[in-house]
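A.B. asks: In full-length UniProt numbering, the protein residues as written are 1 to 267. Quick one: structure below, then a few questions.
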């Protein structure tokens with residue numbers, strides 16, 4: 001496993017639980033495929049190479065690389081990267097998977113597409129974290145490159161923040177095949193814009209339970225555009241779904257496609 005320099009070990013504390021376990025993550029999101037076509041086309045149209053930040057277990061990096069595009073995937077969770085490497089296998093040169101903090105990283109190369117998918121930008125819990133990440137991303141873009149983000153609309157996510165415990169999802173344990181059931185509760189602080197998901201995993205094989213907490217920050221498209229501008233990036237196009245539909249007040253997904261040349265940078 002290759003670790004990038006930069007960042008700090010505090011980020012690792014937030015991913016040391018079952019939610020960020022690579023094999024469990026893949027079981028949970030096995031049917032989550034509706035965005036793959038969009039990101040494949042974004043990679044193809046920008047010509048590569050591609051840098052995916054918060055790449056997880058390679059759910060997107062691997063199918064993009066299958067089309068002959070050079071891909072680098074970075075994630076802070078070692079278990080996620082271990083799983084991505086296992087799925088890639090020893091015979092494939094790409095994607096390259098690295099453990100690193102997307103807030104601060106240095107790869108020494110530039111990319112045609114830098115992407116943060118699947119609402120992973122919400123792991124940036126402050127303006128400072130987001131600005132650091134976006135500045136690092138801009139530094140790794142080709143002059144004609146694209147920085148792209150997809151993130152859930154805040155209204156869609158906070159509507160379920162009623163602080164009540166309820167059944168959330170279930171999946172088969174990646175090692176034993178026994179059912180894992182998950183219940184959780186969600187709370188939201190408008191002042192901090194932080195959404196907290198508390199989850200209780202029950203392993204039906206022996207009744208054991210394990211708890212995990214995920215904290216996310218909510219970002220509107222306007223919030224992101226302002227931060228991107230400070231990082232020297234300009235929003236060129238927006239979409240409200242993975243079919244290229246317009247971004248509206250009713251959209252549940254916000255997709256922003258950006259170029260270099262915002263207020264913080266001379267084109």
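Don't be surprised by glycine CBs; every beta carbon is placed ideally from N, CA and C.
#1: Closest to residue 184 by CA distance: which of 24, 50, 210 and 236 is it?
#2: Label residue 52 either buried or exposed according to how many other C-beta atoms from any shown protein chain fall within 10 Å of its C-beta, with 16 as the threshold for buried.
#3: With 16 as the cutoff for other CB atoms within 10 Å, does residue 32 come out buried or exposed?
#4: For a test of the three-state rule: what should DSSP assign to residue 158, helix, strand or coil?
#5: Given residue 164, which residues of its chain have a CB within under 8 Å of its CB, disregarding the five upstream and five downstream residues?
#6: Here's the rule I'm using: 16 or more other beta-carbon atoms within 10 Å means buried, otherwise exposed. How should residue 266 be labelled?
#7: Look up residue 76 in the DSSP assignment and say whether it is helix, strand or coil.
#8: Give a yes or no on whether the C-beta atoms belonging to residue 236 and residue 259 are separated by under 7 Å.
#9: Please confirm if residue 204 has its CB atom under 7 Å from at least one CB of chain B.
#10: Taking only three categories from DSSP, how would you classify residue 255?
#11: For residue 232, report the span of its beta strand (DSSP E) as first-last.
#12: Considering only their Cβ atoms, is the gap separating residue 71 from residue 61 smaller than 7 Å?
#13: What do you reckon, are the CB atoms on residue 157 and residue 195 nearer than 7 Å?
#14: Going by C-alpha distance, which of 63, 118 and 150 is nearest residue 225?
#15: So for residue 41, helix, strand or coil by DSSP?
C.D. replies: With the structure as the only source:
#1: Counted from its first residue, the chain shown places residue 184 at position 184. Closest by alpha carbon: 210.
#2: Start at 1 with the first residue of the chain shown, and residue 52 comes out as number 52. Its Cβ being crowded by 16 or more others within 10 Å, residue 52 is buried.
#3: To locate residue 32, count along the chain shown from 1; it is residue 32. Its Cβ having fewer than 16 others within 10 Å, residue 32 is exposed.
#4: Here residue 158 refers to the residue found at position 158 when the chain shown is read from its first residue. Helix, per DSSP.
#5: Here the question's residue 164 lines up with position 164 in the chain shown. Result list for residue 164: 185, in chain order.
#6: Taking the first residue of the chain shown as 1, we reach residue 266 at position 266. With a pLDDT of 45 at residue 266, under the threshold of 50, the modelled position of this residue cannot be trusted, and the question is left open.
#7: Here residue 76 is taken as the residue at index 76 of the chain shown, counted from 1. Note: residue 76 maps to coil in three-state DSSP.
#8: Numbered from 1 along the chain shown, position 236 holds the residue referred to as residue 236. Numbered from 1 along the chain shown, position 259 holds the residue referred to as residue 259. Cβ distance < 7 Å, so residue 236 and residue 259 count as in contact.
#9: Although the question refers to chain B, the structure presented lacks it and comprises just one protein chain.
#10: Taking the first residue of the chain shown as 1, we reach residue 255 at position 255. Residue state, collapsed to three classes: strand.
#11: Residue mapping note: residue 232 aligns to position 232 of the chain shown, counting from 1. Element bounds for residue 232: n/a, residue is neither H nor E.
#12: As a working note, residue 61 is residue 61 in the chain shown. As a working note, residue 71 is residue 71 in the chain shown. The answer is yes: Cβ separation under 7 Å.
#13: Taking the first residue of the chain shown as 1, we reach residue 157 at position 157. Taking the first residue of the chain shown as 1, we reach residue 195 at position 195. Yes, they are a contact pair.
#14: To locate residue 225, count along the chain shown from 1; it is residue 225. The residue with the shortest Cα to Cα distance from residue 225 is 150.
#15: Within the chain shown, residue 41 is the residue found at index 41, counting from 1. Here residue 41 sits in helix by DSSP.
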